[in-house]
Amino acid sequence: MIDYNPKAWFTFIFRIHKADTVRKLFPMFIAIGCYSAVVALLELKVLHLSDIAEWKNIVFVHSVLGFVISLLLVFRTNTAYDRWWEGRRLWGSLVNNSRNLAIKLNSMLPVSNTASRDFFRAMIPNYAYALKNHLRARYLVEEMDLSQGAPIDDKKHVPNQIAGQIMAHVNDLYRKQQLSGDQLILIKDELTAFTDVCGACERIRNTPIPFSYSVFIKKFIFFYVMTLPFGYVFTVGFLIVPIVVFIFYVLASLELIAEEIEDPFGFDANDLPTDTISANIRKHVAEIL
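Sequential numbering from 109 applies to the sequence shown in the numbering used here.
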């Protein structure tokens, strides 16, 4: 995730970040600029279509469609941001549940039970790291503290295995009467919240925007931009070239931004800082226990 100062206006305007859509769309800018120049040259200098009234009235179609495409892009951007923000709320919930579980266990476990304290000190952060990598479809054993608990099978659902080990250890403490029934009820919500967060994150990752909807918006933007020179060239002349490039930049950038943030758990510049969040969970749990 990009760390920036939202008040630095001039920095935003004149600095091109690697995540900026200008870098990604620049080849398209060149192609669309050349296309617009060719269309303008043919209409104004070769075919002389400016004398035909019907061609000048094409701009009416773009005026109507401009309102439609703006509604579609607003809905697309809002939907993608809702997914990004829900992902951030889920990881915030994971942070709070990890801290609450560590605080409760710290007050409930006897000071002499160093084995259980070491177990939870390792396994609670392990769940955050396992979930982070699970959402990225990978398994990094070097990020895990496997000194405690049973071996992990990376061919199976890793977060479920860790959550199961935590639950099994808690039940073992209850059977050994180191946790009472009332104490077990007190930590029940935190224990089940791990799997709830995992399931909600998987729902976001595994349910993209419907294919037909995404394809339609891309086609709509393409044909809208490609037909702009046919009508507006009679009004602005060869200035249609930078105008069409700028309109394409605005419309295509909104779609690219929506594509990037609709799956907030990956490696894109604007994705959630799950690496930092996982490291903070490890740090805070270690401080508590």
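Glycine included, each C-beta is placed from N, C-alpha and C at the ideal position.
- In the three-state reduction of the DSSP assignment, Ser220 falls in the coil class, being assigned neither a helical nor a strand state.
- Going by DSSP, Val352 is part of the alpha helix (DSSP H) stretching over Ile348 to Ile369.
- Sequence-distant partners of Tyr247 (beyond 5 residues in either direction) whose C-beta falls short of 7 Å from its own C-beta, in its chain, are Asn241, Asp262 and Val266.
- Assigned with DSSP and collapsed to three states, Pro267 falls in helix.
- Per DSSP, the continuous alpha helix (DSSP H) segment holding Val341 begins and ends at Phe319 to Val344.
- Between Thr303 and the set Asn205, Ser386, Ile396 and Phe342, the nearest pair of CA atoms involves Asn205.
- Distance check between Val176 and each of Arg229, Phe319 and Phe328 places Phe328 closest, using alpha-carbon atoms only.
- The region 194–201 makes contact with the region 371–386, as at least three CB pairs between them are under 8 Å.
- When the Cα atoms are used, Phe354 and Ser144 turn out to be separated by approximately 12 Å.
- Exclusion of the five residues before and after Glu363 leaves Leu181, Arg184, Ile325, Lys326 and Ile329 as the residues of its chain whose Cβ lies within less than 8 Å of its Cβ.
- Here Gln285 is exposed. Its C-beta has fewer than 16 other C-beta atoms within 10 Å.
- Here the region 131–146 makes contact with the region 345–354; the two share three or more CB pairs at distances below 8 Å.
- A Cβ-Cβ contact shorter than 9 Å links Asp371 with Arg313.
- For Leu179, the number of other beta carbons within 10 angstroms of its own is below 16, and it is reported as exposed.
- Between Ser386 and Phe373, the alpha-carbon positions lie close to 13 Å from each other.
- Membership of Pro135 in the alpha helix (DSSP H) is indicated by the continuous run Thr129 to Leu149.
- In this structure, the straight-line span from the alpha carbon of Arg207 to that of Arg283 is close to 24 Å.
- Val130 and Ala148 have their C-alpha atoms roughly 24 Å apart.
- Contact between the region 213–223 and the region 327–346 is absent: fewer than three C-beta pairs spanning the two stretches fall below 8 Å.
- A check of alpha carbon separations from Asn234 across Gln256, Ser220 and Tyr189 identifies Gln256 as the nearest.
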